[in-house]
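Chemist: Before I ask anything, let me first share the structure, which is written out below as structure tokens.
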Amino acid sequence: MFRNISVLLVCSVFTQCLANPDCSQPPKTEVFTDCCAQAGIMKDILKDCNKKFPPQANHDNFCNGECVFNETGISVNGVIQKDKLPVILAEFYQDMLDVVPIAIEMIGKCTRMVEPELVRVLENKPDKADDCNPLPALLSKCFFTEMFLHCPASIWQNTENCNHAKEFLKHCPKHQG
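Using mature numbering (1 follows the signal peptide of the UniProt record, and there is no 0), the letters of the sequence shown map in sequence onto residues -19 to -1, 1 to 158.
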């Protein structure tokens, strides 16, 4: 009887630890980039923009997002081509047909979600912040977070690190897009 209670207690504690990750300890960036396969061209663009404008912890890097949008054609002369987003996403994910509807749904969701955040960022943007448009960075962060959370099983790397990263994003709202 005592053994059964001990096993149940250990399992309960272990399950609770898995269900509620430590939000102060985000997984390494590499985990997020390796878990849900990205279109080849997108990987190259992200790599190039990360070299030009390296992501920085606890600091918004609006130029990185603007770089991604410019390189992909999502943004032309500073204007996001919202009407062309489904076509552009379909082109990026042409070899991953099950991803296209999810990508289109997630970019629509993010377009709606980032509006209040954009207002907040513009109102509180520090004087020394970069001069780039924050909207592409906000949309990119939201999009890649949502794609990570809704990644189709066909391209998801079902590893302990990837599953932990997904649980982290689900339970740590500060880190969500």
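For glycine and all other residues, C-beta sits at the position ideal for the given N, C-alpha and C.
1) Could you tell me which uninterrupted alpha helix (DSSP H) segments, each at least 4 residues in length, are contained entirely in the segment 16 to 41, listed from first to last along the chain?
2) Nearest to Thr10 by alpha carbon, out of Thr126, Val102, Met77, Leu78?
3) Can you look up Ile61 in the DSSP assignment and give me helix, strand or coil?
4) Return the first residue and the last residue of the alpha helix (DSSP H) that residue 168 is part of.
5) Identify, in the order they occur along the chain, each residue of the same chain with its Cβ nearer than 8 Å to the Cβ of Ala146, setting aside the five sequence neighbours on each side.
6) Touching or not, the segment 79 to 89 and the segment 129 to 142, by the rule of three or more beta carbon pairs under 8 Å?
7) DSSP beta-bridge partners for Ser121?
8) What residues match up with Ser56 in a beta bridge as DSSP calls it?
9) Applying the 10 Å Cβ sphere with the 16-neighbour rule, what's the burial state of Ser5?
10) Just mark Pro117 as buried or exposed, buried being the case when its beta carbon has 16 or more other beta carbons within 10 Å.
11) Measure how close the beta-carbons of Glu47 and Cys113 come, nearest whole angstrom, since I'm counting them as under 8 Å.
12) Tell me whether Pro2 is buried or exposed, calling it buried when 16 or more other Cβ atoms sit within 10 Å of its Cβ.
13) With DSSP as the reference, label Ala134 as helix, strand or coil.
Modeler: Working from what's here:
1) 21 to 33
2) Taking the sequence shown and counting its residues from 1, the one referred to as residue 10 is at position 29. That would be Thr126, whose Cα lies nearest to the Cα of Thr10.
3) Residue mapping note: residue 61 aligns to position 80 of the sequence shown, counting from 1. In this structure, Ile61 counts as strand in the three-state DSSP scheme.
4) Any answer about residue 168 is impossible in this case: the structure gives the chain only from -19 up to 158.
5) Numbered from its first residue, the sequence shown carries residue 146 at position 165. Here the set comprises Pro8, Val12, Phe13, Cys16, Phe129.
6) yes
7) Walking along the sequence shown from the start, residue 121 turns up at place 140. Ser121 is not bridged to any residue.
8) Here residue 56 refers to the residue found at position 75 of the sequence shown. Answer is Ile61.
9) Along the sequence shown, read from residue 1 onward, the residue named residue 5 stands at position 24. So Ser5 ends up on the exposed side.
10) The sequence position of residue 117 within the sequence shown is 136, counting from 1. Buried, because 16 or more other Cβ atoms sit within 10 Å of the Cβ of Pro117.
11) Counted from its first residue, the sequence shown places residue 47 at position 66. Counted from its first residue, the sequence shown places residue 113 at position 132. Contact holds; Cβ gap of about 4 Å.
12) Counting from 1 along the sequence shown, the entry for residue 2 is found at position 21. Flag for Pro2 reads buried.
13) The residue given as residue 134 occupies position 153 in the sequence shown. Residue state, collapsed to three classes: coil.
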